[in-house]
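In the UniProt record's numbering, the protein residues as written are 1 to 274. Cβ atoms here follow ideal geometry from the backbone N, Cα and C, with glycine treated the same way. In what follows, a structure is listed as structure tokens, so that the remarks can point back to it.
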């Protein structure tokens, strides 16, 4: 039975964009055995979450800073044919939720952990749940600005169509280049990521500095809107939410905003669509 890892951001509020997803992946890769030298990643073609320059930056960062990871290939499945094993995990969680009341993050954590049923598989192990606090997520936009000066023109002078890319390859032997192809069997094309427009020369030395380039995404816990906070307090007063949880809900940070900002839209704005 394969081990399954579920990374969870601690509420009251987090997004599910690339900074959250690929921070979790970065932390997972750092736990791999040192005999692992190459990785293949599979995902759908969602531009806001998977196929954009911010994701490319963190995967490039992993390859160039790791002592043992030499190559990462990121493969995008065909639209309409992107069902993966993780989808069955989500289905199991949805089924487990039907029979459980949820009031706090701890309730969700237990659902995530024990969603894998052992009724039909005696060797089924609980999902391994890793909880991440707000200060453990990284700002991928800052990282991409530091690493990727060029993402639109390849070394042949051709414009790169990111929406057609099927494979991205990050290779320690090509520290200044991002490799890509439009078909799974094509030869790889190269993008010189250090090519600065309007300059006669490009930087040729790649020296990643984790302390300088991997910045924290959040400096404080994200707040919910005042409207949402007031609605939650009303549920507490009506005892829809049990009394033992009232103090936790009362302590939630909130702002004067009427509505919550959509952080996913903020993440999607970094999509590369050239």
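To the nearest whole angstrom, what separates the beta carbons of residue 129 and residue 113, a pair I think is in contact under 8 Å? Stepping through the chain shown from its first residue, residue 129 is reached at position 129. Stepping through the chain shown from its first residue, residue 113 is reached at position 113. Their Cβ separation, rounded to whole angstroms, is 5 Å, which keeps residue 129 and residue 113 in contact under 8 Å.
Is residue 204 buried or exposed, if buried means 16 or more other CB atoms sit within 10 Å of its CB? Looking up residue 204 in the chain shown gives position 204. For residue 204, the predicted structure reports a pLDDT of 47, less than 50, and the residue's modelled location is therefore unreliable. A value from the coordinates is still provided. Residue 204 should be labelled exposed.
Which of the three DSSP states, helix, strand or coil, is assigned to residue 189? As a position in the chain shown, residue 189 is number 189, starting the count at 1. Strand.
Where does residue 169 sit, in a helix, a strand or coil, going by DSSP? Counting from 1 along the chain shown, the entry for residue 169 is found at position 169. Strand.
Could you tell me the boundaries of the alpha helix (DSSP H) in which residue 39 lies? Here residue 39 is taken as the residue at index 39 of the chain shown, counted from 1. Segment 38 to 43 is the beta strand (DSSP E) holding residue 39; no alpha helix (DSSP H) there.
Apart from the five residues just before and just after residue 29, which ones in its own chain have a Cβ nearer than 8 Å to its Cβ? Position 29 of the chain shown, counted from the first residue, corresponds to residue 29. Within the same chain, residue 29 has close Cβ partners 39, 62, 66, 69.
Euclidean distance between Cα positions of residue 199 and residue 148: Numbered from its first residue, the chain shown carries residue 199 at position 199. Numbered from its first residue, the chain shown carries residue 148 at position 148. Only weak support exists for where residue 199 lies, its pLDDT of 48 falling under 50; the value from the coordinates is given anyway. So the alpha carbons of these two residues sit roughly 15 Å apart.
Would you say residue 141 and residue 213 are within 8 Å of each other, going by their C-beta atoms? By one-based count along the chain shown, residue 141 stands at place 141. By one-based count along the chain shown, residue 213 stands at place 213. No. Outside cutoff.
Tell me the rounded alpha-carbon separation between residue 271 and residue 185. In the chain shown, residue 271 corresponds to position 271, counting from 1. In the chain shown, residue 185 corresponds to position 185, counting from 1. Residue placement at residue 271 cannot be trusted, given a pLDDT of 48 that sits under 50; what the coordinates show is reported in the next sentence. Cα to Cα, the separation comes out at about 25 Å.
Please classify residue 20 as buried or exposed, where buried requires at least 16 other C-beta atoms within 10 Å of its C-beta. Here residue 20 refers to the residue found at position 20 of the chain shown. Classification of residue 20: buried, given that the 10 Å Cβ count is 16 or more.
Roughly how many whole angstroms lie between the Cα atoms of residue 44 and residue 132? The residue labelled residue 44 in the question sits at position 44 within the chain shown. The residue labelled residue 132 in the question sits at position 132 within the chain shown. Rounded to whole angstroms, residue 44 to residue 132 spans 24 Å at the Cα level.
Let me check understanding here. Comparing Cα to Cα, which of 9, 170, 36 lies closest to residue 23? Counting from one through the chain shown, the residue named residue 23 turns up at place 23. Checking every option, the nearest Cα to that of residue 23 belongs to 9.
Reducing DSSP to helix, strand and coil, say where residue 137 ends up. In the chain shown, the residue the question calls residue 137 occupies position 137. If DSSP states are grouped into helix, strand and coil, residue 137 belongs with coil.
Below 8 Å CB to CB, which residues in the same chain sit around residue 183 once its five sequence neighbours on both sides are set aside? The residue labelled residue 183 in the question sits at position 183 within the chain shown. Only 166 meet the Cβ criterion.
Please list, in chain order, all residues of the same chain as residue 255 whose beta carbon is under 6 Å from its beta carbon, the five residues on each side excluded. Your numbering for residue 255 matches position 255 in the chain shown. Hits under 6 Å: 223.
Taking C-alpha atoms, which residue in 189, 116, 248, 163 lies nearest to residue 46? To locate residue 46, count along the chain shown from 1; it is residue 46. With distances taken between Cα atoms, residue 46 lies closest to 163.
Can you give me the C-alpha to C-alpha distance between residue 243 and residue 236, rounded to a whole angstrom? Numbered from 1 along the chain shown, position 243 holds the residue referred to as residue 243. Numbered from 1 along the chain shown, position 236 holds the residue referred to as residue 236. One C-alpha to the other measures close to 7 Å.
Would you mind working out which of 239, 6, 234 sits nearest residue 115, comparing C-alpha positions? Taking the first residue of the chain shown as 1, we reach residue 115 at position 115. Comparing Cα-Cα distances from residue 115 to each of 239, 6, 234, the minimum goes to 6.
The beta strand (DSSP E) enclosing residue 8, as first and last residue numbers: The residue labelled residue 8 in the question sits at position 8 within the chain shown. Taken as a continuous stretch (DSSP letters only), the beta strand (DSSP E) holding residue 8 covers 5 to 9.
Pair within 8 Å by beta-carbon distance, residue 275 and residue 180: Not covered by the structure: residue 275. The range shown for the chain is 1 to 274.
Test item: CB-CB of residue 74 and residue 41 under 8 Å: For the purposes of this step, residue 74 is identified with residue 74 of the chain shown, where counting begins at 1. For the purposes of this step, residue 41 is identified with residue 41 of the chain shown, where counting begins at 1. For residue 74 and residue 41, yes; Cβs fall inside 8 Å.
Which first and last residues belong to the beta strand (DSSP E) in which residue 74 is found? Within the chain shown, numbered from 1, the residue matching residue 74 stands at position 74. 71 to 76 is the extent of the beta strand (DSSP E) around residue 74.
Rounded to whole angstroms, what's the CA-CA distance from residue 2 to residue 64? Just pull it up for me. For the purposes of this step, residue 2 is identified with residue 2 of the chain shown, where counting begins at 1. For the purposes of this step, residue 64 is identified with residue 64 of the chain shown, where counting begins at 1. Using only the alpha carbons, I get a separation of about 28 Å.
Could you tell me whether the Cβ atoms of residue 57 and residue 138 are closer together than 8 Å? In the chain shown, counting from the first residue as 1, residue 57 sits at position 57. In the chain shown, counting from the first residue as 1, residue 138 sits at position 138. In this structure, residue 138 does not lie closer than 8 Å to residue 57 by Cβ.
Contact set for residue 215: own chain, Cβ-Cβ below 7 Å, skip 5 residues either direction: Here the question's residue 215 lines up with position 215 in the chain shown. The answer, listed in chain order, is 138, 139, 142.
Suppose the cutoff is 7 Å on Cβ atoms and the five residues either side in sequence are ignored; what does the same chain contact list for residue 192 look like? Start at 1 with the first residue of the chain shown, and residue 192 comes out as number 192. Excluding positions up to five away in sequence, the list reads 150, 155, 176, 177, 202.
Proximal residues to residue 108 (C-beta, below 8 Å), its chain only, five neighbours per side dropped: By 1-based counting over the chain shown, the position of residue 108 is 108. Once the five neighbours on either side are set aside, the close Cβ partners of residue 108 are 8, 102.
Could you give the residue range of the alpha helix (DSSP H) that holds residue 177? Residue mapping note: residue 177 aligns to position 177 of the chain shown, counting from 1. No alpha helix (DSSP H) holds residue 177; the beta strand (DSSP E) holding it covers 177 to 181.
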